[in-house]
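Heads up, the thing below is written out as C-alpha cells.
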Amino acid sequence: MRPHIHCFDTHHDLIENTAAWFVEHMANSSRDRGSCHIALAGGGTPKPLYLRLAKPDLRSQVDWSRVHLFFGDERHVDPQNPASNYLMARAALIDHVPINLTHVHRIHGELPADEAAAQYAGLLATEGPLDIALCGMGGDGHTASLFPEGPELEDTQATVLVTRSPVSPFTRISMGLPTLNQARYVVLLVSGEGKAQRLAEVYGQLLSDDAPTLPAAMLRPESHQLHWFVDAGAASQLPPDALQG
Ligand code: 6PG
Numbered sequence: 016m017r018p019h020i021h022c023f024d025t026h027h028d029l030i031e032n033t034a035a036w037f038v039e040h041m042a043n044s045s046r047d048r049g050s051c052h053i054a055l056a057g058g059g060t061p062k063p064l065y066l067r068l069a070k071p072d073l074r075s076q077v078d079w080s081r082v083h084l085f086f087g088d089e090r091h092v093d094p095q096n097p098a099s100n101y102l103m104a105r106a107a108l109i110d111h112v113p114i115n116l117t118h119v120h121r122i123h124g125e126l127p128a129d130e131a132a133a134q135y136a137g138l139l140a141t142e143g144p145l146d147i148a149l150c151g152m153g154g155d156g157h158t159a160s161l162f163p164e165g166p167e168l169e170d171t172q173a174t175v176l177v178t179r180s181p182v183s184p185f186t187r188i189s190m191g192l193p194t195l196n197q198a199r200y201v202v203l204l205v206s207g208e209g210k211a212q213r214l215a216e217v218y219g220q221l222l223s224d225d226a227p228t229l230p231a232a233m234l235r236p237e238s239h240q241l242h243w244f245v246d247a248g249a250a251s252q253l254p255p256d257a258l259q260g
C-alpha cells in the first residue's frame, strides 16, 4: 500500500498543514456522518499539533460538539502521571476547546491492564469505526504501543491489547491493528532526521510483497486512506519517487 505522503520543508509547516488537514476532515466527517471520532497519539510529536488545533483561529472552525476523542494507546499509569498520554492531550488540547468531556474517552490506565483493555474494547464495540486514527512512529518502528516482535502483531482479532514496551512505562494498553486499520483515515505523523532511516525502512516494507516486520508498516487502512505527514528531515532517506504524488 502506497501512502499519500504530505512532506513539508520545516516542522512549522508540517504542523500548520497537518492541523489544516485535521480541521478540514473533522468538518467533513461531522457533515457526512454527524460526528468525528478521532484516536489521538501520544508521545512528543503530536503535542505541537494539539496545541495548534487549540488556537482560536482553528479551534473556532471545528464543531467540537460533534467530536469524540479516543486514544490509540496509553501507558499503564493513572491519568495524573506525567507519562499519561491522556494528561498530555488534556494540557495541549482538551482543556482548551469546548468539547463535551463525556465525549473524551480515555483508556483507564489506573485499572489493572487487562481490565482497562477489556473496558476499552467494550467501548469501541459500541462506537463503530474511527474516522481518523492519528499515529506516531518510534525510532524502532513501533506505532501506538505495538512494538516490533510483539506477540500482539500476530493477533488479527483483538481491538485493544495489553502490550509490553522495551522502555518505561513497560506495560501499555493499545488499540490493535484491526481497530487502527478500520479507521477511515490513518495519519502517521513523523518529524525529524532521527527517524528518517526507519521511516524509509517502513516505506520499503509497505511497498514490498513480503510480510512487514515493523508495526508502522502494518498501518494499512482498509480504506487505503493512509496519510503520512512528515517534514523534510524525516523524509530525507525516502526514495525520490516516494514524494511524487
Ligand atoms: C506513545 C505513543 C507512541 C509514539 C512514538 C513516537 O505512547 O509513546 O503513542 O507510539 O507515537 O513512541 O513518540 P515521539 O513522538 O515522542 O517520538
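The opening residue of the sequence shown carries number 16 in the numbering used here; numbering runs sequentially from there. Positions of the beta carbon are idealized from the N, C-alpha and C atoms, including for glycine.
{"query": "Quick check: the region 78-90 against the region 38-55, are at least 3 beta-carbon pairs closer than 8 Å?", "result": "yes"}
{"query": "Give the straight-line distance between the Cα atoms of residue 24 and residue 73, rounded to the nearest whole angstrom.", "result": "22 Å"}
{"query": "Using only alpha-carbon positions, find the residue among 239, 181 and 136 that is nearest to residue 147.", "result": "239"}
{"query": "In terms of residues, what are the limits of the beta strand (DSSP E) holding residue 217?", "result": "Here residue 217 belongs to no beta strand (DSSP E); instead the alpha helix (DSSP H) covers 211-222."}
{"query": "Assign residue 242 to buried or exposed, taking buried as 16 or more other Cβ atoms, counted over all protein chains shown, within 10 Å of its Cβ.", "result": "buried"}
{"query": "Measuring only the C-alpha atoms, how far is residue 29 from residue 212?", "result": "19 Å"}
{"query": "Among residues of its own chain, excluding the 5 on either side of residue 126, which ones have a beta-carbon nearer than 8 Å to its beta-carbon?", "result": "134"}
{"query": "Please list the terminal residues of the continuous beta strand (DSSP E) segment that includes residue 206.", "result": "Segment: none, residue 206 is in no beta strand (DSSP E) and carries neither H nor E."}
{"query": "Under 7 Å: does the beta carbon of residue 123 sit that close to some heavy atom of the ligand 6PG?", "result": "no"}
{"query": "Could you tell me if the beta carbon of residue 157 falls within a distance shorter than 7 Å of some heavy atom in the ligand 6PG?", "result": "yes"}
{"query": "Are the beta-carbon atoms of residue 201 and residue 236 separated by less than 8 Å?", "result": "yes"}
{"query": "Relative to the C-alpha of residue 119, which residue among 100, 175 and 129 is closest?", "result": "100"}
{"query": "May I ask you to report which of helix, strand or coil DSSP gives residue 142?", "result": "helix"}
{"query": "On the DSSP bridge list, what partners appear for residue 53?", "result": "84 and 147"}
{"query": "On the DSSP letters alone, give me the boundaries of the beta strand (DSSP E) that residue 190 sits inside.", "result": "186-190"}
{"query": "Closer than 8 Å, CB to CB, is residue 214 near chain B or not?", "result": "The structure shown contains no chain B, having only a single protein chain."}
{"query": "Could you tell me how far apart the beta carbons of residue 175 and residue 136 are, in whole angstroms, since I believe they sit closer than 8 Å?", "result": "4 Å"}
{"query": "Let's see if you can read the secondary structure: which residues bound the beta strand (DSSP E) around residue 33?", "result": "Here residue 33 belongs to no beta strand (DSSP E); instead the alpha helix (DSSP H) covers 26-48."}
{"query": "Go to residue 105, then tell me how far its alpha helix (DSSP H) extends in each direction, as first and last residue.", "result": "100-107"}
{"query": "Relative to the ligand 6PG, is the shortest distance from any of its heavy atoms to the C-beta of residue 152 smaller than 7 Å?", "result": "yes"}
{"query": "Quick test of your reading: residue 193 and residue 171, contact by CB under 8 Å. State the CB separation rounded to the nearest angstrom.", "result": "7 Å"}
{"query": "What is the C-beta distance between residue 156 and residue 216, in whole angstroms, given that I count them as a contact (C-beta under 8 Å)?", "result": "7 Å"}
{"query": "Hey, quick one: how far does the alpha helix (DSSP H) through residue 72 stretch, first residue to last?", "result": "71-74"}
{"query": "Is the separation between the beta-carbon of residue 114 and that of residue 82 shorter than 8 Å?", "result": "yes"}
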